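To start, the structure itself, in structure tokens.
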Amino acid sequence: MKNGILSSYWPVIDGHADTLVQAEKEGRSFFRYSTRGHLDLPRLRQAGIDLQVLAICAGKRQDPYCWAERLLAFWEREYQSLPPHARPIWIKNAGDFLRWEREKGIGVMLGLEGAEPLEENLDNLEKLYARGIRILSLTWNHPNAFASGSSSQNDYGLTPLGKEAIRLAEKLGVLLDLSHLAPKSFREAIFFSRQPAFVSHANIYDLCPHPRNLTAEQIKAVVEKEGVIGLTFYPDFISKKERPGCAEWLSHLRYLLQEAGVDYIALGGDFDGIEKTLFDLREVRDLPHLVSMMAAEGLTRETIAKVLGGNLHALFKKAFT
Numbered sequence: 114m115k116n117g118i119l120s121s122y123w124p125v126i127d128g129h130a131d132t133l134v135q136a137e138k139e140g141r142s143f144f145r146y147s148t149r150g151h152l153d154l155p156r157l158r159q160a161g162i163d164l165q166v167l168a169i170c171a172g173k174r175q176d177p178y179c180w181a182e183r184l185l186a187f188w189e190r191e192y193q194s195l196p197p198h199a200r201p202i203w204i205k206n207a208g209d210f211l212r213w214e215r216e217k218g219i220g221v222m223l224g225l226e227g228a229e230p231l232e233e234n235l236d237n238l239e240k241l242y243a244r245g246i247r248i249l250s251l252t253w254n255h256p257n258a259f260a261s262g263s264s265s266q267n268d269y270g271l272t273p274l275g276k277e278a279i280r281l282a283e284k285l286g287v288l289l290d291l292s293h294l295a296p297k298s299f300r301e302a303i304f305f306s307r308q309p310a311f312v313s314h315a316n317i318y319d320l321c322p323h324p325r326n327l328t329a330e331q332i333k334a335v336v337e338k339e340g341v342i343g344l345t346f347y348p349d350f351i352s353k354k355e356r357p358g359c360a361e362w363l364s365h366l367r368y369l370l371q372e373a374g375v376d377y378i379a380l381g382g383d384f385d386g387i388e389k390t391l392f393d394l395r396e397v398r399d400l401p402h403l404v405s406m407m408a409a410e411g412l413t414r415e416t417i418a419k420v421l422g423g424n425l426h427a428l429f430k431k432a433f434t
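To convert, note that position 78 of the sequence shown is 191 in the working numbering; the numbers rise steadily by one, no gaps.
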């Protein structure tokens, strides 16, 4: 990280942000500095982020596939408008990933948060893959034709179509994201999938009982599948306090270090997907403050580097190269 605390370790990676959705909604550009939202490309550089995953979430929109296509067109138009030397490395294949490693510039990956844009037609996954989607979560909270989501009243688990989607994703080279799944869906998906387990953004249920957080059983399953859990900065997943801060987030990190081990933890901030923030982590440029607190806790440089990106770098390298 470029803040002096870390130097020659692994890259810094954030596994989840909704900035693309918010930028299109607000009429701003991911590639230009803005006072709105939590991050953009200039602020990523200032914060020392090396790779950012940007999610497309259709939620309960009536035309999810067309909407996803519109977001991708917005991204492509903005991306192509930049001169080549000013573009981040858009990682779509092994060659892109290796170039990002070699050139040490900023990389971006695109993911689908919830399979609603597939509209129950797996041909749409192939089309969205061709447009650059490389990460897929089956649900965004609500139940759908692929799986029961974390807010589902009836946890019916992974459906036959959900299993087909996982197998097609594996064939294409799309990484499954287990976030937002209901418990039965999570359990069935993690053991049905042949990929390393990836949970892009969630926290610890034992510390903050929220249906989006992971139970001890789910954490154990991620470890067994040699996966990674991205800890999120959303206050409601961290503490019941009115305005928690980095100190409360660190309690989730300490829990995982003790119960899972250092090799299974990452960052999954959920910036621009959350309506409120930690009081002392209001946007991506506040990340060095969190790193300073991690160091003050007595965590080693290697531990901090693994959490900030080393573990997710290893998982992405396994998944995409």
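We treat Cβ as the ideally placed atom computed from N, Cα and C, and that holds for glycine. None of the values given here were measured: they were computed from a predicted structure.
>> If you follow the alpha helix (DSSP H) that residue 426 is in, where does it begin and where does it stop?
In response: 424-433
>> I need the straight-line Cα distance from residue 347 to residue 390, nearest angstrom please.
In response: 6 Å
> Considering only residues of the same chain and omitting the five flanking positions on each side of residue 297, which have a CB-CB separation below 6 Å?
Replying inline: 268 and 270
> Thinking C-alpha only, which one of 366, 423, 305 and 416 is nearest residue 162?
Replying inline: 423
> For residue 363, which three-state DSSP category applies?
Replying inline: helix
> Got a sec, what are the start and stop residues for the beta strand (DSSP E) residue 290 sits in?
Replying inline: 288-290
> Does DSSP classify residue 399 as helix, strand or coil?
Replying inline: helix
> Under a Cβ-count criterion, where at least 16 other Cβ atoms within 10 Å of its own Cβ denotes burial, should residue 388 be classed as buried or exposed?
Replying inline: exposed
> For residue 233, which residues of its own chain have a beta-carbon under 6 Å away from its beta-carbon, when the five flanking residues on both sides are left out?
Replying inline: 258
> Can you tell which of 339, 237, 256 and 403 has its C-alpha closest to the C-alpha of residue 345?
Replying inline: 403
> Going by alpha carbons, who is nearest to residue 306 out of 238, 282, 316 and 178?
Replying inline: 282
> Under 8 Å, do residue 321 and residue 292 count as touching if we go by C-beta distance?
Replying inline: no
>> Just to confirm my understanding: we take residue 142, look at its own chain, exclude 5 residues before and 5 after, and list those with CB closer than 8 Å. What are they?
In response: 136, 153 and 191
> So what does DSSP say about residue 221, is it helix, strand or coil?
Replying inline: strand
> Leaving out the 5 sequence neighbours to the left and right, which residues in its chain are closer than 7 Å to residue 318 when beta-carbon positions are compared?
Replying inline: 326, 327 and 328
> Which residues does DSSP pair with residue 127 in a beta bridge?
Replying inline: 165 and 380
> Are residue 264 and residue 254 close, meaning C-beta to C-beta below 8 Å?
Replying inline: yes
> Can the beta-carbon of residue 340 be found less than 8 Å from the beta-carbon of residue 310?
Replying inline: yes
>> By the three-class DSSP mapping on this structure, what secondary structure does residue 251 have?
In response: coil
> Since residue 363 contacts residue 301 with CB under 8 Å, what's their CB separation in whole angstroms?
Replying inline: Rounded, the Cβ-Cβ distance is 32 Å, inconsistent with contact.
>> Suppose you measure from the CA of residue 337 to the CA of residue 194; what does that come to, to the nearest Å?
In response: 44 Å
> Excluding five sequence neighbours on each side, which residues of the same chain lie with their C-beta closer than 8 Å to the C-beta of residue 207?
Replying inline: 433 and 434
> Where does residue 171 fall in DSSP's three states?
Replying inline: coil
> Straight-line CA distance for residue 431 to residue 375?
Replying inline: 18 Å
> Taking the C-alpha atoms as reference points, what is the distance between residue 214 and residue 396?
Replying inline: 25 Å
> Rounded to a whole number of angstroms, what is the C-alpha to C-alpha distance between residue 373 and residue 332?
Replying inline: 7 Å
> Which residues bound the alpha helix (DSSP H) around residue 417?
Replying inline: 414-418
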